[in-house]
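Participant:
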Amino acid sequence: MNKSKFEPREYVFITLGIFIITTALYFFMIPGKLVIGGVAGLSLVLVNFLPFEMSLMTLILNVVLLLLGFVLLGREFGAKTVYASVLLPFFLFIYEKLIPDVESLTGDMLSDMLCCIIIIGMGQAMLFHSNASSGGLDIVAKILNKYLHIAIGTAVTISGGLIVLSSVFAYEPKTCVIGLLGTYLNGIMVDYFINGFTRKIRVCILSKHFEEIQRFIVKDINRGVTLYPARGGHSNKEITELVSILDKTEYAELLHFMREKDPDAFITISTVNEVVGLWNRKSGLR
Numbered sequence: 029m030n031k032s033k034f035e036p037r038e039y040v041f042i043t044l045g046i047f048i049i050t051t052a053l054y055f056f057m058i059p060g061k062l063v064i065g066g067v068a069g070l071s072l073v074l075v076n077f078l079p080f081e082m083s084l085m086t087l088i089l090n091v092v093l094l095l096l097g098f099v100l101l102g103r104e105f106g107a108k109t110v111y112a113s114v115l116l117p118f119f120l121f122i123y124e125k126l127i128p129d130v131e132s133l134t135g136d137m138l139s140d141m142l143c144c145i146i147i148i149g150m151g152q153a154m155l156f157h158s159n160a161s162s163g164g165l166d167i168v169a170k171i172l173n174k175y176l177h178i179a180i181g182t183a184v185t186i187s188g189g190l191i192v193l194s195s196v197f198a199y200e201p202k203t204c205v206i207g208l209l210g211t212y213l214n215g216i217m218v219d220y221f222i223n224g225f226t227r228k229i230r231v232c233i234l235s236k237h238f239e240e241i242q243r244f245i246v247k248d249i250n251r252g253v254t255l256y257p258a259r260g261g262h263s264n265k266e267i268t269e270l271v272s273i274l275d276k277t278e279y280a281e282l283l284h285f286m287r288e289k290d291p292d293a294f295i296t297i298s299t300v301n302e303v304v305g306l307w308n309r310k311s312g313l314r
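Offset between the sequence shown (1-based) and the numbering used here: plus 28.
1) Does the beta-carbon of residue 294 have 16 or more other beta-carbons within 10 angstroms, so that it is buried, or is it exposed?
2) Along the chain, where does the alpha helix (DSSP H) that runs through residue 110 open and close?
3) Enumerate, from N- to C-terminal direction, the unbroken beta strand (DSSP E) stretches of 3 or more residues contained entirely within the segment 145 to 218.
4) Determine the direct distance from the alpha carbon of residue 178 to that of residue 267, and round the result to whole angstroms.
5) Are the CB atoms of residue 260 and residue 167 within a distance shorter than 7 Å?
6) Use the C-beta contact count for residue 299: other C-beta atoms within 10 angstroms, 16 or more gives buried, fewer gives exposed.
7) Looking only at its chain, what residues have a beta carbon closer than 6 Å to the beta carbon of residue 72, apart from the 5 residues adjacent to it on each side?
8) Would you mind reading off the limits of the alpha helix (DSSP H) that contains residue 257?
9) DSSP on residue 297, reduced to helix/strand/coil?
10) Go ahead and label residue 283 buried or exposed: buried means 16 or more other beta carbons lie within 10 angstroms of its beta carbon, across all protein chains shown.
11) With a CB to CB cut of under 8 Å and the five nearest residues on each side skipped, what residues in its chain are close to residue 242?
12) Taking the alpha-carbon positions, what's the residue 125 to residue 116 distance?
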């Protein structure tokens, strides 16, 4: 069995992602009394009935869920999730000590909700990009998936919705309605930011200078390129089509080269949501 290697870069991403999430929670969700589905949302409800600070309540819930996960799931979630689950309440604790009794930055619950989900979505996308999560509902979702055979996405939605509905015991109905809206929009924002991390560009080029273009892509940009024989429908002439998958920076480099080498080349561009395999090991293409 191959052991997963420790990747410092991934833990930097996880730390930054958790810091971004904690910042959104502390400056928008908590002062705005926003109960958006998740452990932080449940903690915000429970601190109204228990003598705990937000950071301690979040830590207790995360530890309980981690223990429950170990008992019911075994080792189906790794060190990254444990690290993130402990780091979030730690950052909350730091904020509580450095900036106590923070007030809403916008003074409006709806504005707080919009700012919160945009920032949290960015942080969550960084975690998912590093193959990690902040624990909490992800553990609940995996338990429901394993024992009740409920799809993970559905389980997260159900769990989050129940947490938001619990806010009626601590806050006015308006909080519950905005929380449900925020939970729904949060999923959309996470998808948006994840696509931003993984989206690539597929470039198809028809040019008589295909050999020089191929050389530039392989040697200068250090990406692979596939050559296809093609025939022009109008001219009926044989021509070679080049196809390559690039990120945005590499695409800009290629366009600059094409403007100088062959401004009349026929180029089509399309978006690729995700690429797996050899493309991600760029040094292996040299």
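Virtual Cβ for every residue (Gly too), placed ideally from N, Cα, C.
Facilitator: With the given structure in hand:
1) As a first step, residue 294 is located in the sequence shown; it is residue number 266 there, counting from the start. The C-beta of residue 294 has fewer than 16 other C-beta atoms within 10 Å across all chains shown, which makes the residue exposed.
2) Start at 1 with the first residue of the sequence shown, and residue 110 comes out as number 82. Looking at the DSSP string, the run of the alpha helix (DSSP H) that includes residue 110 is 107 to 126.
3) Segments of the beta strand (DSSP E) lying fully in the segment 145 to 218: there are none.
4) Counting from one through the sequence shown, the residue named residue 267 turns up at place 239. Counting from one through the sequence shown, the residue named residue 178 turns up at place 150. Whole-angstrom Cα-Cα distance: 52 Å.
5) The count along the sequence shown starts at 1 and reaches residue 167 at position 139. The count along the sequence shown starts at 1 and reaches residue 260 at position 232. Result no, Cβ atoms of residue 167 and residue 260 do not sit closer than 7 Å.
6) In the sequence shown, residue 299 corresponds to position 271, counting from 1. Under a 10 Å Cβ-count criterion, residue 299 is classified as exposed, with fewer than 16 other Cβ atoms of the shown protein chains found around its own Cβ.
7) Stepping through the sequence shown from its first residue, residue 72 is reached at position 44. Setting aside the 5 residues that flank it on each side, residue 72 is surrounded in the same chain by 63, each with a C-beta closer than 6 Å to its C-beta; the list follows chain order.
8) Here residue 257 is taken as the residue at index 229 of the sequence shown, counted from 1. Looking at the DSSP string, residue 257 is not in any alpha helix (DSSP H); the run it does join, the beta strand (DSSP E), is 254 to 259.
9) If you number the sequence shown from 1, residue 297 lands on position 269. Three-state result, residue 297: strand.
10) For this step, residue 283 is matched to residue 255 along the sequence shown. Taking every protein chain shown into account, the CB of residue 283 has fewer than 16 other CB atoms within 10 angstroms, so this residue is exposed.
11) In the sequence shown, counting from the first residue as 1, residue 242 sits at position 214. For residue 242, where only same-chain residues beyond five positions count, the Cβ hits under 8 Å are 253, 255, 270.
12) For the purposes of this step, residue 125 is taken as the residue at position 97 of the sequence shown. For the purposes of this step, residue 116 is taken as the residue at position 88 of the sequence shown. Using only the alpha carbons, I get a separation of about 15 Å.
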